[in-house]
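Shown next, in structure tokens, is the structure this report addresses.
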Ligand code: HEM
Ligand SMILES: [Cu+2]
Ligand SMILES: [Cu+2]
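Residue numbers (the numbering used here), protein chains in the order written: chain P, 1 to 329; chain R, 1001 to 1652.
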């Protein structure tokens, strides 16, 4: 039933051929990819988050390519050489065909190691390196240093930012059907439908919604955070050079979801300050009519939300380290 | 399990499956007009609908919130629910339980109606139910496909619109929901019901009434989800997120109730399959002799029974929110929209494996037949499917990485999600190992299986990209993920379904599918599937969100390319339907008894399969798939050959 000798020699023969082709193809493929494609992979390099997300994508791709090539080369080889017309060998059967411990164990070891490496790498990138620009909810796991201070100051109306100050700039993103607006607590809490950001600055996006779930996707910034009513979903990014970007809603929010987009720009620090102070002044009359700046604006079961929370300025949705004890009773 | 003593009577005893006694015929089986069939089901369904609607209005018309809205969700819900009950009663699915309830015993339900009309009746024969499912599934796939064509037509141009945004989003939602509901049953329903008993050497499913009931619930579920269209559709996509769900119009009721109804059918079907596989295996069919397809159905059945109740409950919560103004998902009143997201995806991720495992099973089942060699690493394939099934309960929040729901848990869900690719990889080990030094026969079913391996690889690898949180930021909620899941569901499951149909239709109908037309179908479907969906990865990376009616003008080229490929892909299904009609009715070609020279049990009985399946319950003698092994014992022993119409069972 088993024909051990032809089996083992045959195996070496076939697999070695495939391995050679595979190694060459993978090396060439990865080199071509990293030269010609990798630098252009979305979301680009407008911010540090975006650049790091891009790097992660590229590393994943460079690992995926050999996997794809491996299977493709094997399949092509098999289909070409082992079709019943071409393959005149005796049919492969017996115990050797049914299982082969060496193959099985090495397959499991290789896939497990790869997968564990990927998970480890992803976790490192997410937790240690850069927080990925994703929405992290009201109590972010990854925070740039100084963010808690900046966010607290924003809520108390005491946030400051000026060119060269290196302060974190909190920006609130408010989703509603079917429009994003932006509030700048650092500049009197004015609300604008334009999103401008200063270059070389860490931004803390505080994303919330007035109605259904939206998702704030600032594509070139490498930022995506769901906008939930009653939730302050925080996402960080650090801008680099000036440039423009597009914001799209990426969570279905009703019939005009497709039309929920706008353009934004990273400006030089002075241009930004100029725009912000001018707009603050021009909007002052409107800002006075807005609800006080708060993390959320939809009342909760206790009637508490944002600035409407009984103690005036603080809300249960603030960073819990600071305000955790002030939950409504 | 070994050959058990309790079964010995069944093995050697006379056929006991079809006693012809002359008790009163049940209503479902009376000939002629005095019977229950599809027509009565429709009539009863409509009557139930009207009664429910009246009753709902009667109950609730005075409520002020209804008076102001012009809509009455209570009436809609009750109308649909009563309609479903009417439908089930009309087909006769409730006769037996009610008879029992009122102490009437001995309703005879064996089928005396033996003409074409048996396919339009409540039937306890798993082969009839299987064929009913084939037609049901194809019909609904066709409908979902038409909606897909509508989507791709709208996306031909970013600025000129065929549909209003309102109609468009409802088309997308309906397409997705119909397809997902259909896909839960596409293999378990038709091929699972038909072939599991045959492959394990049983005469029937464990619970024939539950089996029939699950089919008629499935059809009812489809009508409920269709009813969304006349109600004005629902705008939430197939994921139905609240608060949009709470805000939506009456079409939402169809979605919620539709999932509850379909969910009920899924639970019943899964339960039935699990019990059948565990208890009805022929003597000698130990767990290491169970065909891989049966393993895959068992793993799927576990998911169906354990995951679907969560969807069922979630749907009912939503219905309560919409009808009697509870606040499960309403943040302002103490509920949480995150609750729906959690419940939905706690079901939703096992659901995606409900839509993958049966495909793996078909691949594993067909490969040895067309490679003419044993399956490589049989145990690993079973372990892989069980591993996938188990792990699939621990990954659901990978759909919520950017939702802000729980940032600390992201590394965990990234890990579990990536771990799942290990047991999924087993399937590739098994597949590639089986191709090793094989004698591959490029028959139609084999082509579809090979295509599955090609497509699912792309679907799986892109899944790893999605599970990496930093990459997820860019690809979540866009066309990248859209393409990813079409690669796994359509590229995997649907190709497997086609493989299964081409492979088993000769057994089910006694007629061969035409090879030439089949090849045209395969190549069109394979090439244009890839040309339709591969560009969507790039479209997604370039920033196009899902479910939008307009997009950046620089993406029009890629979108048009995808749309035109999609039309040809749609055409390939017409080729398939043509082949079906051509091969079954226009120019039927009688199928040989065992066209693929398979060793599977299902090919060892007569065609058409007698209602009792096997003259004698076979005794399983050895492992499956011992192709081209000289001196291997026959897979099964059917006892003495002199029995009338006992099938010949030559083993290669
Ligand atoms: C001819 C074949 C098909 C084509 C051309 C097609 C095309 C599409 C397109 C373009 C969308 C996205 C619309 C959007 O989000 O902007 C979509 C959504 C979807 N499709 Fe398909 N599809 C096909 C078959 C299938 C099949 C077989 C399934 C599953 C069994 C399926 C399941 C879905 C689901 C679940 C959605 C998501 C709907 C949502 O966003 O809620 N599709 N399809
Ligand atoms: Cu939106
Ligand atoms: Cu999932």
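The beta carbon of each residue, even a glycine, is placed where N, CA and C say it ideally should be.
Heavy atoms of ligand 3 versus C-beta positions, residues under 7 Å = 1345(R), 1348(R), 1349(R), 1352(R), 1395(R), 1396(R), 1398(R), 1399(R)
Three-state secondary structure (DSSP) of residue 1236(R) = coil
Chain-ordered list of residues that sit, by beta carbon, closer than 6 Å to a heavy atom of ligand 2 = 175(P), 178(P), 214(P), 249(P), 253(P), 257(P), 260(P)
Length of the line joining the Cα atoms of residue 1517(R) and residue 1578(R) = 8 Å
Using only alpha-carbon positions, find the residue among 1333(R), 1342(R), 1385(R) that is nearest to residue 1357(R).
-> 1385(R)
Below 6 Å CB to CB, which residues in the same chain sit around residue 1234(R) once its five sequence neighbours on both sides are set aside?
-> 1173, 1228, 1248, 1251, 1252, 1255
Count the C-beta pairs between the segment 1046-1059 of chain R and the segment 1074-1091 of chain R that are closer than 8 Å, then say yes if the count reaches three, no if not.
-> yes
Per DSSP, residue 1636(R) is paired with what?
-> 1620(R)
What span of residues does the alpha helix (DSSP H) with residue 48(P) cover, start to end?
-> 48-81
Between residue 1488(R) and ligand 1, is the CB less than 7 Å from at least one heavy atom?
-> no
State the DSSP-derived secondary structure class of residue 180(P), mapped to helix, strand or coil.
-> strand
Residues, ordered as in the chain, of the segment 246-275 of chain P that lie near chain R by beta-carbon distance below 8 Å = 246, 248, 249, 250, 251, 252, 253, 254, 255, 256, 257, 258, 259
Ignore the nearest five residues each way along the sequence and tell me which others in residue 1500(R)'s own chain have a CB closer than 6 Å to its CB.
-> 1191, 1362
Can you tell me where the beta strand (DSSP E) with residue 233(P) in it begins and where it stops?
-> 233-238
Can a CB atom of chain R be found closer than 8 Å to the CB of residue 132(P)?
-> yes
Test: residue 1377(R) CB closer than 8 Å to a CB of chain P = yes
In the DSSP assignment, what residue or residues form a beta bridge with residue 224(P)?
-> 134(P), 217(P)
When the Cα atoms are used, what is the spatial distance from residue 1599(R) to residue 1450(R)?
-> 21 Å
Hey, is the segment 1162-1180 of chain R in contact with the segment 1126-1146 of chain R, meaning 3+ C-beta pairs nearer than 8 Å?
-> yes
C-alpha gap between residue 1210(R) and residue 263(P), whole angstroms = 56 Å
How many whole angstroms separate the CB atoms of residue 161(P) and residue 232(P), which I take to be in contact at a CB cut-off of 8 Å?
-> Between residue 232(P) and residue 161(P) the Cβ distance is about 19 Å, and since that is not below 8 Å, they are no contact.
May I ask you to verify whether the segment 1253-1272 of chain R touches the segment 1117-1137 of chain R, counting CB pairs closer than 8 Å and requiring at least 3?
-> no
Alpha carbon of residue 1342(R) to alpha carbon of residue 1300(R), nearest angstrom | 21 Å
At a CB-CB cut-off below 9 Å, which residues of chain P make contact with residue 1305(R)?
-> What residue 1305(R) touches in chain P: nothing, since even the nearest Cβ is about 28 Å away.
Environment of residue 1334(R) [buried if 16+ CB atoms lie within 10 Å] = exposed
For residue 305(P), does the count of other Cβ atoms within 10 angstroms reach 16, so buried, or fall short, so exposed?
-> At residue 305(P), the pLDDT of 47 sits below 50, so the modelled position is not reliable; the number obtained from the coordinates is stated separately. Under this definition residue 305(P) is a buried residue.
Taking buried to mean at least 16 other C-beta atoms within 10 Å of its own C-beta, is residue 1285(R) buried or exposed?
-> buried
Taking 7 Å as the cut-off, is the CB of residue 1525(R) close to at least one heavy atom of ligand 4?
-> With respect to ligand 4, the structure offers nothing, as its ligand set consists of ligand 1, ligand 2 and ligand 3.
Would you call the CB atoms of residue 1095(R) and residue 1028(R) closer than 8 Å?
-> yes
Taking the beta strand (DSSP E) that residue 208(P) falls in, what are its first and last residues?
-> 202-209
Nearest to residue 168(P) by alpha carbon, out of 269(P), 33(P), 56(P)?
-> 269(P)
Can you say whether residue 1448(R) is buried or exposed, counting buried as having 16 or more other CB atoms within 10 angstroms of its CB?
-> buried
Counting only beta-carbon atoms, is residue 370(P) nearer than 8 Å to chain R?
-> With chain P covering only 1 through 329, there is no way to say anything about residue 370(P).
Closer than 7 Å, Cβ to any Cβ of chain P: which residues of the segment 1234-1245 of chain R, in chain order?
-> 1235, 1236, 1237, 1241, 1243, 1244
Can you list, in chain order, the residues of the segment 27-49 of chain P whose Cβ is nearer than 9 Å to any Cβ on chain R?
-> 41, 42, 43, 49
Whose CA, out of 62(P), 133(P), 113(P), 216(P), lies closest to the CA of residue 52(P)?
-> 133(P)
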